[in-house]
Amino acid sequence: MSNYVHDTQDLSTIRGGGLLLLDAIKWIQTRIDGVELEPISTGASSGLFEFIALDDDQAKNVQRKIREWLDSHYALKHATVMVDLIEATDNFLEDKESLIALNRWNQMHSPSLAVPELSDQTIDICAIDRIRPAVNTFISPEQNKEPISTSTLIRRNYGRDKKQNFYTSYTGLEDDGSFKFTNDFNELTGNTDQGNFTSQNGCHLY
Numbered sequence: 016m017s018n019y020v021h022d023t024q025d026l027s028t029i030r031g032g033g034l035l036l037l038d039a040i041k042w043i044q045t046r047i048d049g050v051e052l053e054p055i056s057t058g059a060s061s062g063l064f065e066f067i068a069l070d071d072d073q074a075k076n077v078q079r080k081i082r083e084w085l086d087s088h089y090a091l092k093h094a095t096v097m098v099d100l101i102e103a104t105d106n107f108l109e110d111k112e113s114l115i116a117l118n119r120w121n122q123m124h125s126p127s128l129a130v131p132e133l134s135d136q137t138i139d140i141c142a143i144d145r146i147r148p149a150v151n152t153f154i155s156p157e158q159n160k161e162p163i164s165t166s167t168l169i170r171r172n173y174g175r176d177k178k179q180n181f182y183t184s185y186t187g188l189e190d191d192g193s194f195k196f197t198n199d200f201n202e203l204t205g206n207t208d209q210g211n212f213t214s215q216n217g218c219h220l221y
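Numbering (the working numbering), first residue to last: 16 to 221.
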């Protein structure tokens with residue numbers, strides 16, 4: 016996660032990376048043809064699924080299909096996602112810990128950063144993540160044109176698009192359009208119509 020969610024200080028990019036990993040767990044259930052993945056446990060960055068396979072070869076084929084789908088996805092191919100499997104036993108807790116151990120073992124043997132594709136359009140180093148080669152530009156809050164990498168551009172756009180409808184997407188509550196997220200804290204603390212704010216001061220409770 017560190018190089019897909021927490022590799023920048025840009026809130027839109029952080030939000031987009033986190034939401035993409037969250038949505039990936041849901042997408043996997045319906046994107047793999049020929050197999051029914053039954054979710055057992057799903058979280059912000061991990062999913063535990065059960066499926067029926069006739070033999071080891073069939074089970075490994077499902078694993079391969081999931082990896083191929085992740086590697087071909089326009090956004091998730093920029094993340095490093097581990098896909099491991101074991102044969103289920105009667106001891107669920109032991110099975111779960113075995114899978115977590117396999118995940119961590121494979122993470123230690125894999126690059127922590129998804130290597131970007133080669134491109135002859137490189138402009139500069141990405142102004143947001145400061146690591147990846149930039150192949151595009153974006154307009155910064157200061158209205159400057161800045162270089163940006165493909166991975167960061169995708170995550171940033173996803174975070175910006177999902178920002179306004181996050182709660183309706185995950186709760187099913189109706190939105191009448193009267194409440195919108197602010198772009199920054201100054202916009203929030205400077206709005207005296209929302210309660211007791213009388214100056215540019217606010218309290219963040221976490």
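Where is the CB? At the ideal position from N, CA and C, for every residue including glycine.
The residue from Pro148, Trp42, Leu168, Arg46 with its alpha-carbon nearest to that of threonine 57 is Trp42. In this structure, valine 96 and leucine 85 form a Cβ contact; the two beta carbons are roughly 5 Å apart against a cut-off of 8 Å.
Serine 127 and threonine 152 have their C-alpha atoms spaced approximately 25 Å apart. Non-local beta-carbon contacts of isoleucine 146 in its own chain, meaning distances under 6 Å to residues more than five positions away in sequence, are absent. Here valine 130 is exposed. Its C-beta has fewer than 16 other C-beta atoms within 10 Å. Taking the C-beta atoms as reference points, asparagine 180 is found no nearer than 8 Å to glycine 31.
Under the three-state reduction of DSSP output, asparagine 151 falls in the strand class. Around the beta-carbon of leucine 133, fewer than 16 other beta-carbon atoms lie within 10 Å, marking it exposed. In this structure, the beta-carbon distance from lysine 160 to isoleucine 169 does not fall below 8 Å. Buried is the label assigned to phenylalanine 64, since at least 16 other Cβ atoms lie within 10 Å of its Cβ. In this structure, DSSP gives glycine 62 an extended state, which the three-state scheme calls strand.
Here isoleucine 29 carries a helix assignment [DSSP, helix/strand/coil]. Straight across, the Cα-Cα distance linking isoleucine 40 with proline 148 is about 28 Å. With a 10 Å radius around the Cβ and a threshold of 16 neighbouring Cβ atoms, leucine 36 comes out buried. Beyond the five residues adjoining it in sequence on each side, valine 50 comes within less than 6 Å, by CB distance, of Phe66, Val77 in the same chain, given in chain order. The C-alpha of lysine 178 is placed about 19 Å away from the C-alpha of threonine 204. Taken atom to atom, the span from the alpha-carbon of histidine 88 to that of glutamate 109 is near 32 Å.
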